[in-house]
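Read through the structure below, which is laid out as C-alpha cells, and then see the notes.
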Amino acid sequence: MTAGLRVLTPGLMTTLQDLGRPGFQRLGIPVSGALDPVSLRAANLMVGNPAGTAALEIAYQGPLLAVEVDSVRVALAGAGAPLDILGEAGVAERVPPLTSVSLQRGQRLRIGALSGGAVAYLAVEGGFAVAPVLGSRSTYVRAGIGGFAARAIAAGDVLPLVQDAAAEREEQMLPALDLVAPARYRIVLGPQDDYFTQAAIRTLLEATYTVTPATDRMGMRLDGPRLEHAKGFNIVSDGIAPGAIQVPGNGLPIILLADRQTTGGYPKVAAVVSADLPALGRLMPGAQIAFEAVSIDEAEAARRQMMAYVAELEASVTLARRNGVIDEAKLMAANLVSGVVDARS
Amino acid sequence: MPPVPQPRFLRSGDTALVVEFGDRIDRDISARVLSLAGLIEAAAIPGVVEVVPTFRSLMVHYEPLALPHCELEQRLGPLIDRIRIEERPGRRWRVPACYDADAGPDLAEVAERTGLSVAQVIERHSATEFHVYMMGFLPGFPYMGTLPAELELPRRENPRLRVPSGSIAIAMAMSTVYTLESPGGWHLLGRTPVLMWDPRRAEPTLVAAGDKVMFTPVSRREYETILAQATAGTYDLRPDGEARA
C-alpha cells in the first residue's frame with residue numbers, strides 16, 4: 001500500500017478540491033473546485049505550494065489522520081477549527097492558527113469541529129499524489145470523478161502524498177486571513193429578472209434569508225420570503241453561472257455553488273458577484289444573508305479587489321517563530337489582529 | 001432568407017454572459033447557437049474560458065480581469081455577424097439500443113398512453129434521427145430532438161429515485177440517455193450498452209451538441225456482449241465514416 005496519510009476518522013464530508021475543472025461544461029461536466037478558493041490558496045501558501053494545489057476541503061467536522069510517511073508539513077486555513085497533533089502517548093499539542101506545522105511518522109493530526117464557517121482547507125506540502133481527471137484533482141462525487149477515489153474520504157483510506165518527507169526549512173505563517181462576511185452579498189440582476197414581479201425583486205433586495213441545512217456543494221437553499229414569478233417558473237434551459245440565484249416553483253431562492261449543474265430550466269433572478277462567492281461558500285446553515293444589487297462595473301471592480309487581496313496574501317507569508325508561537329507585536333504592527341480573531345471565531 | 005434577429009446580451013454575474021437567440025426549442029435557433037459557439041472557439045479570444053451551448057442561448061464564461069464585459073461584447077459583435085443558420089453536418093452516431101421489456105420498463109405505458117403498440121413505439125423511436133441540442137443535467141446527458149409528435153408525453157408525475165445508467169428515455173419532444181444512475185422523471189424505453197460517459201476516455205462523453213444520433217435495436221444477447229466489452233473498455237463506437245482505432 002502507498003504511504004501517505006491514513007484516515008482514522010474522515011470527518012463529515014472531506015473531499016480533495018483544487019480550483020476546479022473548467023472547460024468541459026459544454027459536455028455537461030460541472031466545474032467543481034473549492035467552495036472557498038481564498039482559504040484554499042491561503043492554506044497552500046503556508047506550505048509553499050502553488051496556490052491552486054488540491055487540498056482537503058473539510059466541511060463542518062474535521063478528520064483524524066495518521067502520518068504514514070517519514071514526515072509531512074501541513075497547514076489549515078478557512079473556518080476556525082482546533083488543529084491538534086497527537087503523539088504516540090496521546091498527548092495533544094495545539095497548533096496555532098494560520099501556521100504550517102510538520103509531523104513525524106506515527107503522529108496523528110486531529111481537526112475538530114469547525115466554527116464560524118462551513119469549510120476549511122488542509123494543504124500538505126507537495127500536494128496529494130492523485131491523478132488529475134480532465135485537468136483537475138477536484139472531487140465531483142455525483143459523477144464519480146476526480147479527487148481520491150472519486151468520493152469523500154473514508155476511514156481506512158491512505159491518502160497518497162507527492163513527498164514522503166517535509167522539506168528541511170522553517171515553518172511559515174500568514175499574519176491574517178480576512179474572512180469577514182460582507183454585510184450584504186452583492187448581486188448582478190439577470191439573466192431572467194424579467195420573470196419576476198417588481199415586488200419580488202424588492203423582496204430579494206430588502207429581505208433577510210436564512211441558509212438551510214439542505215445546502216450542499218451544488219447549491220445553497222435559502223428560507224425566507226417567497227419570490228413571486230411573473231410568467232411561470234419554467235424556462236427553456238440555458239446556462240448556469242457560478243453564484244446564479246435560481247428560483248423554482250416554491251419561490252425560495254437557491255444559490256448555485258461549485259458543483260452546480262451546467263444548465264437548468266428555472267429562471268435565475270440574479271447572480272452573486274464572483275468576489276463574494278468565497279464568503280458565500282463559507283456560510284453555515286442558520287446563517288442570515290441579505291443582498292444588494294450592483295452594476296457589472298462594480299462587480300468587476302470587486303473582483304479586481306479580491307484578486308489584489310489574494311496577491312497581498314501571497315506577499316504576506318512570513319517565517320513563523322521556531323516554537324510556532326505567533327509574533328503578537330508583529331501582528332499588532334500589521335494591524336491585522338481582527339482578521340485572526342475572525343479566523344478563530 | 002428571412003432577416004436574422006439580433007441576439008441579445010444578458011448578464012449572469014460578472015464571469016458569464018448569455019447570448020440569447022430566442023426563448024423556444026427550435027432547430028434554426030440551435031444552429032445559430034452552435035454556429036456562434038464554433039466561431040468563438042475558433043477565435044480563441046484571450047479571457048474567454050469556455051462556451052456552453054443550450055437550446056436557445058450560448059453562455060460565455062470569461063475572466064473579466066483579462067477581458068472586461070465591454071470588451072467581450074465588442075469582440076462578440078463581428079462574430080455574431082458571421083453566424084450561419086445552416087446546421088453544420090455534425091457527427092452521426094448509431095447507438096445500439098435494447099428495447100426489451102425489462103430494459104424499457106415504461107414501454108407498455110407509453111404505448112397505452114399514445115395509442116400505439118409497443119412495436120410501433122420502438123419503430124418510431126429507432127427511426128428518428130435525433131439532433132443533439134445541448135448537454136446538461138448529468139455529465140454527457142444529451143437533450144435530443146425531435147421526437148415524433150405521436151410519442152410526446154409530459155414527464156412522469158412520480159419521478160424515479162434511481163434510473164439505471166444507459167437508460168434511453170423520452171419526455172415532451174426530447175429523447176436522452178441517462179449517462180449515470182440518477183433520479184429521473186423521463187419515460188424509459190430501453191437501454192444502451194454503450195458508455196455515453198466514461199471518465200477513462202480523453203473525451204469522456206460520447207456525443208456533443210450538434211451531433212446526430214440514431215438508435216439501432218439490438219437483442220438482449222447483443223446488448224450483454226457489447227456491455228461486457230464496453231465495461232472492459234474494449235468497445236469503441238465511432239461516428240459514421242470514421243474508422244475505429
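Protein chains in written order, with our numbering: chain A, 1 to 345; chain B, 1 to 245.
Quick reminder that beta carbons are idealized off the backbone N, C-alpha and C, glycines included.
With DSSP as the reference, identify every bridge partner of GLN246/A, one or two as the case may be. In the first sequence, the residue the question calls residue 246/A occupies position 246. DSSP lists ILE254/A and LYS268/A as partners of GLN246/A.
What's the C-alpha gap between PHE55/B and PRO175/A? For the purposes of this step, residue 55/B is taken as the residue at position 55 of the second sequence. For the purposes of this step, residue 175/A is taken as the residue at position 175 of the first sequence. For PHE55/B and PRO175/A, the distance between alpha carbons rounds to 49 Å.
Buried versus exposed call for LYS212/B [16 or more other C-beta atoms within 10 Å across all chains shown]: Numbered from 1 along the second sequence, position 212 holds the residue referred to as residue 212/B. The residue is buried, with at least 16 neighbouring Cβ atoms inside 10 Å.
If we ignore side chains and look at the alpha-carbon of each, how far apart do THR234/B and ALA129/A end up? Position 234 of the second sequence, counted from the start, is the residue given in the question as residue 234/B. Position 129 of the first sequence, counted from the start, is the residue given in the question as residue 129/A. Taking the straight line from one Cα to the other gives about 28 Å.
Please state if the CB of GLY13/B and the CB of ALA149/A are separated by a distance shorter than 8 Å. Taking the first residue of the first sequence as position 1, residue 149/A is located at position 149. Taking the first residue of the second sequence as position 1, residue 13/B is located at position 13. No, the Cβ-Cβ distance between ALA149/A and GLY13/B is not below 8 Å.
Collapsed DSSP secondary structure at GLY4/A in the structure displayed: One-based indexing of the first sequence puts residue 4/A at position 4. Shown here, GLY4/A sits in a strand according to DSSP, grouped into three states.
Between which two residues does the beta strand (DSSP E) harbouring GLU292/A extend? On the first sequence, residue 292/A is found 292 positions in, with the first residue counted as 1. According to the DSSP assignment, GLU292/A belongs to the beta strand (DSSP E) that extends over 291-293.
Flag HIS187/B as yes if its beta-carbon sits less than 8 Å from any beta-carbon of chain A, otherwise no. For the purposes of this step, residue 187/B is taken as the residue at position 187 of the second sequence. Output row for HIS187/B: interface = no.
Hey, quick one: how far does the beta strand (DSSP E) through ASP223/A stretch, first residue to last? Looking up residue 223/A in the first sequence gives position 223. ASP223/A -> beta strand (DSSP E) spans 219-223.
For the putative contact between MET214/B and GLU129/B, defined by C-beta atoms under 8 Å, what is the C-beta separation to the nearest angstrom? One-based indexing of the second sequence puts residue 214/B at position 214. One-based indexing of the second sequence puts residue 129/B at position 129. The pair is a contact, with the Cβ atoms about 5 Å apart (cut-off 8 Å).
Between which two residues does the alpha helix (DSSP H) carrying ALA111/B extend? What you label residue 111/B is simply residue 111 of the second sequence in a count that begins at 1. Counting along the chain, the alpha helix (DSSP H) containing ALA111/B begins and ends at 107-114.
Compute the distance between the beta-carbons of GLY347/A and ARG21/A, then report whether it is under 8 Å. The structure shown does not extend to residue 347/A, since chain A spans only 1 to 345, so no value can be given for it.
What is the DSSP secondary structure of THR210/A, reduced to helix, strand or coil? For the purposes of this step, residue 210/A is identified with residue 210 of the first sequence, where counting begins at 1. Strand.
Return no unless some Cβ of chain A is closer than 8 Å to the Cβ of VAL51/B. Within the second sequence, numbered from 1, the residue matching residue 51/B stands at position 51. Answer yes: the Cβ-Cβ gap between VAL51/B and chain A drops below 8 Å somewhere.
For VAL177/B, which of helix, strand or coil comes out of DSSP? Residue 177/B sits at position 177 when you count from the first residue of the second sequence. DSSP places VAL177/B in strand when its eight states are reduced to three.
Going by Cα to Cα distance, which pick from GLU93/A, VAL91/A, GLU171/A and PRO132/A is closest to ALA75/A? Taking the first sequence and counting its residues from 1, one reaches residue 75/A at position 75. Answer by Cα proximity: GLU171/A.
Could you give the distance in angstroms between the alpha-carbon of GLY116/A and the alpha-carbon of VAL141/A? Taking the first sequence and counting its residues from 1, one reaches residue 116/A at position 116. Taking the first sequence and counting its residues from 1, one reaches residue 141/A at position 141. Rounded to the nearest angstrom, the two C-alpha atoms are 25 Å apart.
Whole angstroms are fine: how far does the CA of VAL52/B sit from the CA of ARG191/B? As a first step, residue 191/B is located in the second sequence; it is residue number 191 there, counting from the start. As a first step, residue 52/B is located in the second sequence; it is residue number 52 there, counting from the start. Computed Cα separation, rounded: 27 Å.
Put ASP81/B into one of helix, strand or coil per three-state DSSP. The residue labelled residue 81/B in the question sits at position 81 within the second sequence. Three-state result, ASP81/B: helix.
Would you please verify whether the beta carbon of THR15/B is less than 8 Å from any beta carbon of chain A? By one-based count along the second sequence, residue 15/B stands at place 15. Yes, because at least one Cβ of chain A sits closer than 8 Å to the Cβ of THR15/B.
Distance, ASP84/A Cα to GLY224/A Cα: Here residue 224/A refers to the residue found at position 224 when the first sequence is read from its first residue. Here residue 84/A refers to the residue found at position 84 when the first sequence is read from its first residue. Taking the straight line joining both Cα atoms gives about 39 Å.
Let me check understanding here. Comparing Cα to Cα, which of PRO82/A, GLY106/A, GLY239/A and ALA81/A lies closest to GLY90/A? Mapped onto the first sequence, residue 90/A falls at position 90. With distances taken between Cα atoms, GLY90/A lies closest to GLY106/A.
Is the CB of ASP211/B under 8 Å away from at least one CB in chain A? If you number the second sequence from 1, residue 211/B lands on position 211. Not one beta carbon of chain A lies nearer than 8 Å to the beta carbon of ASP211/B.
Cutting at 6 Å between CB atoms, please list the residues of its own chain near LEU58/B, excluding the five before and the five after it. Position 58 of the second sequence, counting from 1, holds the residue named residue 58/B. Cβ neighbours of LEU58/B beyond the five flanking positions: VAL19, VAL33, LEU36, ALA37 and VAL51.
Any chain A beta carbon closer than 8 Å to THR231/B: The residue labelled residue 231/B in the question sits at position 231 within the second sequence. No - not a single Cβ of chain A is within 8 Å of the one on THR231/B.
Return the chain-ordered list of same chain residues with a C-beta closer than 6 Å to the C-beta of LEU5/A, the five sequence neighbours on each side being excluded. For this step, residue 5/A is matched to residue 5 along the first sequence. Cβ within range, chain order: LEU65 and LEU159.
Name the two residues that bound the continuous beta strand (DSSP E) containing GLY184/B. Locating residue 184/B in the second sequence gives position 184, counting from the first residue. From DSSP, the beta strand (DSSP E) with GLY184/B extends over 182-184.
Thinking C-alpha only, which one of GLY33/A, ASP216/A and MET220/A is nearest TYR209/A? Against the first sequence, residue 209/A aligns to sequence position 209. Checking every option, the nearest Cα to that of TYR209/A belongs to MET220/A.
In whole angstroms, give me the CA-to-CA distance for ILE170/B and ALA42/B. Indexing the second sequence from 1 puts residue 170/B at position 170. Indexing the second sequence from 1 puts residue 42/B at position 42. Looking at the two C-alpha atoms, the distance is approximately 34 Å.
Taking 8 Å as the cut-off, decide whether the C-beta atoms of PHE21/B and GLU73/B are in contact. Taking the first residue of the second sequence as 1, we reach residue 21/B at position 21. Taking the first residue of the second sequence as 1, we reach residue 73/B at position 73. Cβ distance not < 8 Å, so PHE21/B and GLU73/B don't count as in contact.
Could you have a look at ALA118/A and say whether DSSP puts it in helix, strand or coil? In the first sequence, counting from the first residue as 1, residue 118/A sits at position 118. ALA118/A falls in the strand class under three-state DSSP.
Between the stretch 73-92 of chain B and the stretch 143-161 of chain B, do at least 3 Cβ pairs fall closer than 8 Å? no
Could you have a look at ARG155/B and say whether DSSP puts it in helix, strand or coil? Position 155 of the second sequence, counted from the first residue, corresponds to residue 155/B. Coil.
Check for me: the alpha helix (DSSP H) holding ASP28/B runs from which residue to which? By one-based count along the second sequence, residue 28/B stands at place 28. ASP28/B -> alpha helix (DSSP H) spans 27-43.
For PRO213/A, which residues from the same chain have a beta carbon less than 7 Å from its beta carbon, with the 5 sequence-adjacent residues on both sides left out? For the purposes of this step, residue 213/A is identified with residue 213 of the first sequence, where counting begins at 1. Answer for PRO213/A: PRO285, listed in chain order.
Examine chain B for any beta-carbon lying closer than 8 Å to the beta-carbon of PRO22/A, and answer yes or no. Your numbering for residue 22/A matches position 22 in the first sequence. So, interface residue.
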